[in-house]
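Engineer:
Residue numbers (this note's numbering), protein chains in the order written: chain A, 1 to 214; chain B, 215 to 428.
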C-alpha cells in the first residue's frame with residue numbers, strides 16, 4: 001500500500017494570503033488544495049498562480065462539482081489543476097463528463113462524499129474509472145462536535161475494499177491517524193493545523209505516525 | 215399565489231461576456247444569477263460588478279454550498295447577493311450556518327435539490343426557516359435526454375405543499391410551463407434561451423404562459 005501524502009487545504013478568502021501560506025508550507029506538504037472558499041473568492045486565477053508558484057506539487061481544485069461537469073472540469077484542469085473534486089450528489093452523467101475531461105489532461109477526479117450517497121453509487125463511480133474519494137466530517141458537523149464514528153470507519157473500509165484511495169479530512173490530529181490503518185489512504189488533509197507557527201512540527205508528527213501505520 | 219419571476223443564469227466563463235449578457239437581458243428578467251461556472255471562473259468580483267450594474271434586480275449566487283457555510287455565505291452576501299444556493303447534500307449544520315448569515319443580510323437561502331435528498335430532509339430545511347428550493351433536471355442529465363417525469367412533478371407538489379417556493383430549471387421551454395401549474399413557483403430559470411437573439415421574444419412568451427397559469 002502506498003504511503004499517504006499530506007495535503008494543505010487553502011481556504012483563505014484572498015489570494016495574497018493563500019499564496020503566502022502555500023509558500024510557507026510547500027517544503028513539507030505533497031499536495032496543495034485550492035479550497036472551495038478560495039476558488040469562489042478569487043476564481044481560477046488562484047489555481048493558475050499556485051500552479052506557477054509550485055510546479056512540482058500535486059494541485060487540487062476543490063469545486064465539489066455538482067453539475068455542468070465538462071465546463072467546470074475544463075476551467076480547473078486548463079488552469080493547472082491535477083485533481084478536481086466532484087460531489088457525491090452529482091448525477092452520474094456529470095461525474096462521467098468530468099472524468100472525460102480529466103482524461104484529456106491526465107488529471108484525476110475525487111468524489112466528495114457528502115449527502116446520502118450509497119455503496120451502489122460508489123460502484124457506479126468505480127465502474128466509470130474513478131479511483132479516488134474524499135471522506136470527511138463536514139466542517140460544520142465538526143463544529144457541532146460530531147466525531148469519527150465506527151460507522152465512518154466501516155464505510156471507509158468498504159470504499160477501500162472497492163478499490164478507492166481515500167483522502168481523509170475534518171479536524172485530523174496526529175492521534176487520529178491510527179484509526180485509519182489498513183485503509184488505502186491517498187492523503188490526509190488539514191488546513192490551519194499545517195499552516196500555523198507549528199505547521200512544520202505538525203507535519204513531522206503526521207509523517208511519523210504515517211510511517212508507523214503504513 | 216405570487217406570479218413566477220424570470221431568472222437568467224449567467225454561466226459564461228469570463229466576466230466581460232457575462233456583463234454584456236446581463237445588460238442585454240436586464241429589461242426583461244427579474245432575477246440575475248451568477249452561475250456556478252461564472253463564480254468559479256471569476257470569483258466574487260462577478261457578484262460585486264453585477265450588483266453595481268443592476269442595483270434593482272434580485273441577484274443570486276449559485277454556489278451550491280456543501281460545506282464551510284458561514285464563510286461562503288458571508289463572501290456572497292457581502293459582495294451583494296440577495297440569495298445563495300446551498301446543496302441538498304450539505305449537512306443541516308451547514309444549511310443553518312448559511313441561514314444565520316443570510317438573516318444578517320436580509321438574504322435568502324435556496325436549497326439545490328441534487329442527490330438522494332428525502333422529504334425528511336425537506337422538513338428539516340423548513341424547520342430552520344428555509345423557504346426556497348430549486349428543482350431541476352441536471353444539465354448533464356438533460357444532455358443525456360432525461361426529461362420531466364411524473365415523479366418530478368409529484369415531488370415538486372409535495373415540496374410546494376410543505377411551503378417551499380420552487381425555482382424550476384433545466385432546459386425549460388414555454389411549452390413546459392403548463393406542467394407546473396398549481397406549484398408555488400418562485401422563478402423559471404433559463405440561460406442561453408433568454409440570452410440569444412430571440413431572448414426578449416422567449417421571455418415574452420414565458421410571461422404570457424405564466425399569466426395563463428398563475
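For glycine and all other residues, C-beta sits at the position ideal for the given N, C-alpha and C.
1. I think residue 302/B touches residue 89/A, with their Cβ atoms under 8 Å apart; what is that distance to the nearest whole Å?
2. Does the beta carbon of residue 80/A sit closer than 9 Å to a beta carbon anywhere in chain B?
3. Please name the residue or residues paired with residue 135/A in a DSSP beta bridge.
4. Would you call the region 88–107 of chain A and the region 263–272 of chain B touching, i.e. three or more CB-CB distances under 8 Å?
5. In whole angstroms, give me the CA-to-CA distance for residue 111/A and residue 134/A.
6. For residue 339/B, which beta-bridge partners are listed by DSSP?
7. Name the DSSP bridge partner or partners of residue 363/B?
8. Using a Cβ-Cβ cut-off of less than 8 Å, give me the residues of the region 222–244 of chain B that come near chain A, in sequence order.
9. Exposed or buried, residue 351/B, counting other C-beta atoms within 10 Å across all chains shown (16 or more means buried)?
10. Can you give me the C-alpha to C-alpha distance between residue 3/A and residue 376/B, rounded to a whole angstrom?
11. What distance in whole Å lies between the Cβ atoms of residue 38/A and residue 12/A, which are believed to be in contact at a cut-off of 8 Å?
12. With 16 as the cutoff for other CB atoms within 10 Å, does residue 197/A come out buried or exposed?
13. Nearest to residue 282/B by alpha carbon, out of 41/A, 71/A, 70/A and 82/A?
14. Would DSSP call residue 226/B helix, strand or coil?
15. On the DSSP bridge list, what partners appear for residue 94/A?
16. For residue 60/A, does the three-state DSSP call read helix, strand or coil?
17. Check whether the Cβ of residue 259/B lies closer than 9 Å to any Cβ atom in chain A.
Structural biologist: On the basis of the supplied data:
1. 7 Å
2. no
3. 168/A
4. Using a C-beta cut-off of 8 Å, the region 88–107 of chain A makes no contact with the region 263–272 of chain B, since fewer than three inter-stretch Cβ pairs fall below that distance.
5. 6 Å
6. Note: residue 339/B sits in no beta bridge, so no partner.
7. Secondary-structure assignment with DSSP links residue 363/B through no beta bridge to anything.
8. 225 and 227
9. buried
10. 49 Å
11. 6 Å
12. exposed
13. Here the closest residue by C-alpha is 41/A.
14. coil
15. None; residue 94/A has no bridge partner.
16. Residue 60/A sits in a strand when the DSSP states are folded into three classes.
17. yes
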